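Each remark here refers to the structure printed beneath this line.
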Amino acid sequence: MEKKSILMIDDVKLNLATARDVLQEDYILYEASSAKEGFEILDQTIPDLILLDIIMPEMDGYEMLRKLKASRRLKRIPVIFLTAETEPASEVKGFDLGAVDFIIKPFIAQVMKRRIATQLELSAYQQSLEKIVEEKVAENERLQNMLSVGFAELVESRDGVTGGHIKNTSIYFEAFVNALKDIPQYKEEVTDEFIKLAVRSSPLHDIGKIGIDDNVLRKETSLEKGEMEYMKTHSELGGATFHKIRRNFQDNEFLKIAEHMALYHHERWDGNGYPMGLKGTDIPLEARIMSIVDVYDALTSKRPYKEPFSHEKAYEIIMEGRGTQFDPDLIDEFMKLGDVMQDRLKHKEELRRKMD
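For the record, in the sequence shown the residue sitting at position 36 is 564 according to my numbering, with numbers rising by one throughout.
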């Protein structure tokens, strides 16, 4: 049987040595003498369990646990606190923060082994339960895909331009978000699960346009001011659609991301967007990403009232919005993807020529 791995974080070398003597035969051990060192190890590997000292300099165990639980990537690792304190208030605080157990120092070898084994068994049991529901999850994913495709086709039946735009932005979005997962700045948010749900949600960002009248949605000339203000309501219409659905599915991350994209993809980094006037990182990441590829496709696509801009010109225009219309850090990453986006654009143009 493959050995389980444990990360022990304690600023006292004697405690690390004692734990090593007790556990090294049964487990793969990683050791850190501070929270900082612990996070450095966690950047490289995800252990099956963490033993975490409470009293440490710079960052104590409570604060480290808060950060662990705030991380999409690390929040599910079971954490056992190591402490010399026996005050009930300390235990209550630890459990409230998400600790699964406490081991009192000085360590008693058999007690330590038993508590660790128990938590690893519980963790394994939880994982087995998760496997049982995998089929249900797969079924939900199929339904989500059908929902995305179905809505996109419904929009396309109303307006071919919008339908094509939905498909294009989904392609650009997938390329962009996949590139972000390897950037340290986005490592915590852009997980494989986030990518999967966000890509699946991306065709739904303009779903609110179903509620826009045909005489505005299909207009072949530039919109008048009043018509433009009316068209802007598609963000609120789309957001409201998913908000109503989410009332019955509060914890559904797919619907949450879909709502964020539909409602916020026209917000601006400087707070001058619509419909809510959100600013900076108050705008959800998925919407900030969508806002960039949304504009890229609008610029590079032919419309009844305009010819498409070249890839180079579109990038130049988008760069002008760095720090005002768009998240500056995301723009920097988008600029690095010029060849990728140009390749996707050429593929789109080839398909269009075949259809013409």
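Just so you know, even glycine gets a beta-carbon here, dropped at the ideal spot from N, CA and C. Remember, predicted model here, so these are calculated numbers, not experimental data.
- For I534, the beta-bridge partners assigned by DSSP are L557, L577.
- Under the criterion of beta carbons closer than 8 Å, H875 and M789 do not qualify as touching, at roughly 23 Å.
- Three or more Cβ pairs drawn from the region 839–846 and the region 815–828 lie within less than 8 Å of each other, which places the two stretches in contact.
- Distance between T614 and Q655, taken at the CA atoms: about 31 Å.
- The residues V705, N706, K709, in chain order, have a CB closer than 7 Å to that of I723 in the same chain once the five nearest residues on each side in sequence are set aside.
- The beta carbon of A637 sits closer than 7 Å to the beta carbons of V550 from its chain, once the five residues preceding and following it are set aside; these are given in chain order.
- Contact check between the region 754–764 and the region 796–816: three or more CB pairs, one atom from each, fall below 8 Å, which counts as touching.
- With a cut-off of 8 Å on Cβ pairs, the region 742–757 is not in contact with the region 777–794, counting fewer than three such pairs.
- The beta carbon of P812 sits closer than 7 Å to the beta carbons of H788, Y792 from its chain, once the five residues preceding and following it are set aside; these are given in chain order.
- Separation of R670 and P731 (C-alpha to C-alpha, rounded to the nearest whole angstrom) is 15 Å.
- By a beta-carbon distance limit of 8 Å, M869 contacts A703. Their separation comes to about 7 Å.
- Cβ contact annotation for A547 (same chain, cutoff 6 Å, sequence separation greater than five): M536, in chain order.
- Here the region 554–568 does not lie against the region 658–667, with fewer than 3 beta-carbon pairs under 8 Å apart.
- Inside the region 740–772, DSSP marks no whole beta strand (DSSP E) run of 3 or more residues.
- With fewer than 16 other Cβ atoms from the protein chains shown falling within 10 Å of its own Cβ, T573 counts as exposed.
- Comparing alpha-carbon positions, the option among R816, I785, A786 lying closest to D798 turns out to be R816.
- In terms of CA proximity to V677, K695 leads the group F862, L873, D581, K695.
- Annotated as distal: D624 and Q647, with beta-carbon spacing of 8 Å or more.
- Around the beta-carbon of K737, 16 or more other beta-carbon atoms lie within 10 Å, marking it buried.
- Beta-carbon to beta-carbon, A563 and E530 are separated by about 28 Å, too far to satisfy the 8 Å threshold.
- For I845, the enclosing alpha helix (DSSP H) covers residues 839–848.
- The distance from the Cβ of D581 to that of D539 is about 6 Å, consistent with a contact at the 8 Å cut-off.
- Between the alpha carbons of D576 and G622 lies a distance of about 19 Å.
- The residue among M640, F609, A598, F679 with its C-alpha nearest the C-alpha of M584 is F609.
- Under the criterion of beta carbons closer than 8 Å, E717 and R594 do not qualify as touching, at roughly 17 Å.
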